[in-house]
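Position in the sequence shown counted from 1, then plus 48, gives you our numbering. Every residue gets a Cβ at the ideal spot worked out from N, C-alpha and C, and that includes glycine. In this text, all values refer to a predicted model and were calculated from it rather than measured experimentally. Below is one structure, written out as structure tokens, with a few remarks after it.
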Amino acid sequence: MKQKAKGVEFMAKEINVGSGGYSTIREAIEAASDFDIIRVSPGIYNEVGIINKSLTILGAAAGISPKLKNSRPINETVIKSTSPIGSLQLKAPNIVVDGFVIEDNTGGPGIYTSLEFSGYCILNNIIQRNGFGLHLNTSGEVFSLVKENYFHKNNQPGLISGSGILVDNNSSNIHICNNLFTEHQPAASIHLSGKTQEEGPSNIIVSNNEMISDNSILLTNTTNVVITQNKMTNTLGSSIFIGGGTNKTMIENNILSNSLTNGIYINDFFSGLPNQNIKIINNSIIANQTAALNITANAYSCNEPESKLQACLNWWQSSKGPAPTGEGNSLLDPDEIVEFRPFLSSAPISSFSSTKGILPALRINSNSETTIVADSKEIAIMTQIGLNSNGQRPIIVNNLPKTWPELRDYPAPNNSLFSGEPEFIWQQLDTVGGEKKYFSTKYIISDIGEHLIFITSFADNSHRLFVEERNSKTGELIKSITPKEGLAAGDLLANAGLSVDIDPPYNWQRICQYSNIFTPTSAENVIVITFEVINYLSQCKFNPAALAFRIDVIK
């Protein structure tokens with residue numbers, strides 16, 4: 049096989065262990081050079097493999113996920129030892145370990161990686177019944193990848209017993225994805241922890257993993273961790289345990305269900321320091337015995353109104369939101385620092401998938417939970433973002449004249465995230481001819497990838513649409529996605545109903561649609577959608593007004 053290093057192309061050797069080759073993995077490593085491939089035949093290898101060269105080490109099941117049980121070979125390549133450091137010890141950059149069973153190390157982890165290097169790839173392995181599974185230390189700009197492994201019951205007695213993966217010691221730039229974890233306790237399937245904030249793990253993505261009957265994810269003194277598209281069920285403690293000193297944690301598109309305590313538990317038990325900059329968006333958090341989200345007093349740094357913990361657009365097991373204000377899985381928030389509105393009115397689709405592609409992000413329907421109304425655009429926007437409280441929630445006015453067009457789903461199965469129907473809303477029931485109102489809703493940015501937005505809207509009598517990216521801490525306009533002056537659907541003068549809009553079809557008989565592709569400039573910002581709506585002057589005594597809209601975001 050041809051390899052390339054420092055601009056020089058050469059042929060990598062393939063070295064066999066067993067089947068006429070070397071009898072031990074250690075002997076094959078000693079004979080190898082950087083970038084060589086070592087193929088290890090099926091069998092049980094009672095030895096410690098110290099890999100101190102940039103090698104690819106392939107077991108009998110290389111390239112075959114443990115989740116595809118029927119595709120794995122009957123006879124696996126099994127490594128066993130009692131080393132307190134690890135049965136496999138990776139001590140060089142860009143090492144690949146693929147297709148092994150690493151088990152029964154009563155003295156320590158199945159695999160250990162050195163902090164001095166990066167670019168490790170741990171693929172398609174079964175790592176089970178060790179003291180803990182993988183001690184992942186890594187530093188450097190090259191990401192290390194842990195993918196398509198099965199971590200099972202790594203609970204042998206010891207200091208870090210019960211961890212599937214332990215990441216500590218200033219480790220950074222890691223992607224943990226598409227793995228299956230079962231029965232890890234008392235620690236956690238994915239344990240990210242530093243002794244101090246300065247020494248904690250950073251820049252870690254945890255995506256598309258499944259965790260069952262365990263303590264799932266534990267964070268302490270971490271920075272910049274993304275937890276996305278994971279499924280955690282029947283957790284023996286809290287599905288996600290945030291133990292203090294964390295900064296910049298994004299929790300999005302996960303399923304957290306049936307834990308014995310909490311879906312997400314935010315505290316300062318391990319570090320004594322508060323957490324900050326947590327976003328919890330578009331998750332399904334259901335049937336957790338203590339609470340969906342539990343935050344102990346003083347565990348979250350929230351000194352200013354704009355720094356509230358954003359927990360919007362989640363499914364709390366009820367269309368009325370979390371208890372105690374709603375009827376869903378509980379939100380325990382003694383410091384009242386969580387912004388959980390708007391919330392999903394139905395369960396999102398499962399984003400847990402081994403495939404990538406276009407994903408629905410959310411649907412926002414007009415109602416009294418998603419929307420703020422005010423007499424000025426800036427007040428509506430600032431209240432929606434959380435920078436003042438001068439705006440208010442609108443009321444549902446229903447179809448007062450019985451002639452307004454209604455936006456409804458087809459009576460057939462629909463995307464479960466893009467469901468729910470918009471309500472007709474206004475500031476008050478006693479409408480006044482000539483009055484103008486501003487209605488604002490928001491989309492919390494979770495990543496800066498490309499987004500597609502669809503908006504369908506109705507207003508009696510006329511309206512203007514603004515879609516803007518705003519700074520979530522100041523409200524400053526970052527960029528306009530619609531034209532800066534907005535998109536008008538009819539004349540917005542108060543007397544237009546007496547002079548211009550006098551023949552059918554009238555403005556209030558029209559449904560307007562808008563779509564656009566945009567890329568947010570920062571995940572720290574927020575997309576704000578604002579409708580400027582006017583109720584025309586009329587010679588009729590009955591002069592109702594309303595707005596209804598539906599917004600779909602795909603990314």
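Exercise. Ile77 by DSSP, collapsed to three states: which one?
Worked result: helix
Exercise. When we look at the beta-carbon of Gln587 and count the other beta-carbons within 10 Å, is it buried (16 or more) or exposed?
Worked result: exposed
Exercise. For Asn325, which residues from the same chain have a beta carbon less than 6 Å from its beta carbon, with the 5 sequence-adjacent residues on both sides left out?
Worked result: Asn295 and Lys296
For this session: Tell me whether Ile100 is buried or exposed, calling it buried when 16 or more other Cβ atoms sit within 10 Å of its Cβ.
Result: Looking at the sequence provided, one finds Asn at residue 100 rather than Ile. Asn100 comes out exposed.
Exercise. Counting pairs of beta carbons, one from the stretch 231–241 and one from the stretch 182–193, are three or more of them closer than 8 Å?
Worked result: no
For this session: Flag this pair as yes or no: are the beta carbons of Asn302 and Asn331 separated by less than 8 Å?
Result: yes
For this session: Evaluate Ser402 with the Cβ neighbour count: other Cβ atoms within 10 Å of its Cβ, from every protein chain shown; 16 or more gives buried, anything less gives exposed.
Result: Low confidence applies to Ser402: its pLDDT is 43, below 50, so where it sits in the model is not reliable, and the reading given next is rough at best. Under this definition Ser402 is an exposed residue.
Problem set entry | Outcome for Asp508 when other beta-carbon atoms lying within 10 angstroms are tallied against a minimum of 16 | buried
Exercise. Near Lys425, which residues of its chain fall below 7 Å by C-beta distance, leaving aside the five closest residues on each side in sequence?
Worked result: Tyr486, Thr578 and Glu580
Problem set entry | Endpoints, beta strand (DSSP E) assigned at Gln204 | Unbroken run through Gln204: none, as it is neither H nor E.
Problem set entry | Ala76 to Val145 span [Cα, whole Å] | 14 Å
Exercise. Taking the alpha-carbon positions, what's the Ser250 to Leu267 distance?
Worked result: 11 Å
For this session: Can you tell me the Cβ-Cβ gap for Gly523 and Ile429, rounded? I've got them flagged as a contact below 8 Å.
Result: 6 Å
Problem set entry | Where the beta strand (DSSP E) containing Gly97 begins and where it ends | Gly97 to Ile99
For this session: Please confirm if the stretch 520–539 is in contact with the stretch 448–461, defined as three or more CB-CB distances below 8 Å between the two stretches.
Result: no
Exercise. Any idea if Ser81 is buried or exposed, counting beta-carbon neighbours within 10 angstroms, 16 or more meaning buried?
Worked result: exposed
For this session: Given a cut-off of 8 Å, decide if Gln561 and Ile503 are closer than it, judged by their beta-carbon atoms.
Result: yes
For this session: With DSSP as the reference, please indicate the residues paired to Ile224 in a beta bridge.
Result: Val194 and Val254
Problem set entry | Leu214 - partner residues in DSSP beta bridges | His183 and His239
Exercise. Residues in its own chain within less than 6 Å of Lys490 by CB, not counting five upstream and five downstream?
Worked result: Gln432, Val574 and Val576
Exercise. Taking the alpha-carbon positions, what's the Gln176 to Lys243 distance?
Worked result: 27 Å
Problem set entry | DSSP bridge partner residues for Ser488 (one or two, in chain order) | Ile420 and Thr578
Exercise. Mind checking Asn117: buried by the 16 CB within 10 Å criterion, or exposed?
Worked result: In the sequence under discussion, the amino acid at residue 117 is Lys, which differs from the Asn named in the question. The residue in question, Lys117, is exposed, as its Cβ has fewer than 16 Cβ neighbours within 10 Å.
Problem set entry | Spatial distance of Ile385 from Tyr554 (CA atoms) | 45 Å
For this session: Identify which residue in Gln204, Thr154, Leu380 and Asn564 has its Cα closest to the Cα of Thr130.
Result: Thr154
Exercise. For Lys201, which residues of its own chain have a beta-carbon under 8 Å away from its beta-carbon, when the five flanking residues on both sides are left out?
Worked result: Gln176, Arg177, Thr230, Glu231 and His232
Problem set entry | Extent of the continuous alpha helix (DSSP H) run through Ser378 | No alpha helix (DSSP H) contains Ser378, which DSSP labels as neither H nor E.
Exercise. For Tyr458, does the count of other Cβ atoms within 10 angstroms reach 16, so buried, or fall short, so exposed?
Worked result: exposed
Problem set entry | Cβ-based neighbour list, Phe566, same chain, cut-off 6 Å, excluding 5 preceding and 5 following | His499 and Ile529
Exercise. Given a threshold of 16 other Cβ atoms within 10 Å of its Cβ, counted over all protein chains shown, does Thr125 qualify as buried or as exposed?
Worked result: buried
Exercise. Is Asn123 helix, strand or coil by DSSP?
Worked result: coil
Problem set entry | Buried versus exposed call for Arg512 [16 or more other C-beta atoms within 10 Å across all chains shown] | buried
Exercise. Quick one, which of Lys279, Ile253 and Glu246 has its alpha-carbon nearest Pro261's?
Worked result: Note on residue identity: the sequence assigns Ser, not Pro, to residue 261. Taking only the C-alpha atoms, the option nearest Ser261 is Lys279.
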